[in-house]
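Numbering (our numbering), first residue to last: 1 to 253.
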Amino acid sequence: MEIEMIRHNWPEVAGFDLDKPVGRPHYVFVHFLTPVEYKLEDKWMSLSPGDLIVVAPHVPHRIVSRQPMLNDWMHVYGDIAERMALFGLKVNTVYHMEQKQQITSRIARMEAEFFAKDRYWQPCIETLMDELWIAIYRQVNGRVTLPLMQKTADRLRELRTAMSLHPELPWTNEMMAQQVNISVSRLYPLYRRLFSISPGRDVILMRVEKAKQLIQQGHSVTETAELLGYSSTYHFIRQFRQEAGVTPGKWGK
């Protein structure tokens, strides 16, 4: 097995359209975290967050997303179909993952090993790959029982994904706690323990990154502030300068 490239929580802009009419020379693993229209050979499907597929080499496929897209993906060579078959799984088949974070977290660990390339990184990735197939098999066959704390952690990760996709929303502590179904008093320590950052500052950083994209696309500072939900352009400039080290106007230049 040889991974060519791997990424988790990978973003794409609205209007993303990837068409591979003759497929690719390797296997393509994709785990969608947002809805997409997907074409496998000559069949179109509407896929939901949590759906995943492993496409065999040289099989035509296409991905179309009308909204900003997030996905986990990897391109890999080797005996993938045979290895999946050992765990009761098939290529060119859509599987739905109710516990999306179980998949994303494993892809993230494999990605870290792939880029670090520490000693024994290759056998480590192969072990993590088998863990991935087992996790998929268990979800498909209804054999996943998560402890309460893991369920909360998964909900927090899903919350963070939603925040990343829509940083312009008014993400108050009350709103975030409600999304995760925990109290406001528990939100801060749990979020900080999981992501090493407070939820409030995390939102600000997400807005700053989104602002950079909007400015690159030609939006003015005032327009960018409005698109990100700021009622005050001055407040937006101040937060941007605190995190980026320069004003948005200077950053754009």
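The C-beta atom is built at its ideal place from N, Cα and C for all residues, glycine as well.
For clarity, every value in this text was computed on a predicted model and none was experimentally measured.
- Beta-carbon to beta-carbon, Val208 and Glu243 are separated by about 5 Å, close enough to satisfy the 8 Å threshold.
- Residues Leu47, Asp51 and Asn71 of the same chain have their beta carbon placed closer than 6 Å to that of Phe32, with the five preceding and five following residues left out of the count.
- The beta-bridge partner set that DSSP reports for Trp251 is empty.
- By the 16-neighbour rule on beta-carbons within 10 angstroms, Tyr77 is exposed.
- Closest option to Val36, judged by alpha-carbon separation, among Gln67, Pro248 and Ala56: Gln67.
- Going by DSSP, Ile136 is part of the alpha helix (DSSP H) stretching over Trp121 to Val140.
- In the three-state reduction of the DSSP assignment, Ile197 falls in the coil class, being assigned neither a helical nor a strand state.
- Phe29 counts as buried, since no fewer than 16 other beta carbons sit within 10 angstroms of its beta carbon.
- Between Lys39 and Arg62, the C-beta spacing is below 8 Å.
- The criterion of a C-beta distance shorter than 8 Å is not satisfied by Met176 and Leu194.
- Between Tyr27 and Val55, the beta carbon gap of about 7 Å places them in contact (Cβ cut-off 8 Å).
- Collapsing the DSSP output to three states places Ser185 in a helix.
- Look at the beta carbons and you see the stretch 173-192 not touching the stretch 84-95: under three pairs across the two are nearer than 8 Å.
- Secondary-structure assignment with DSSP links His166 through no beta bridge to anything.
- In the three-state scheme derived from DSSP, where H, G and I count as helix and E and B as strand, Phe16 is classed as coil.
- In the DSSP assignment, Lys100 falls within the unbroken alpha helix (DSSP H) covering Lys100 to Ala116.
- Straight-line spacing of the CA atoms in Thr222 and Asn141 works out to 51 Å.
- Sequence-distant partners of Arg192 (beyond 5 residues in either direction) whose C-beta falls short of 6 Å from its own C-beta, in its chain, are Ser198.
- Leaving aside the five residues that flank Pro49 on each side, the residues in its chain whose CB is nearer than 7 Å to its CB run, in chain order, Phe32, Leu33, Thr34, Pro35 and Lys100.
- Counting other Cβ atoms within 10 Å of its Cβ, Val180 reaches 16 or more and is therefore classed as buried.
- The C-alpha of Gly252 lies about 13 Å from the C-alpha of Gly245.
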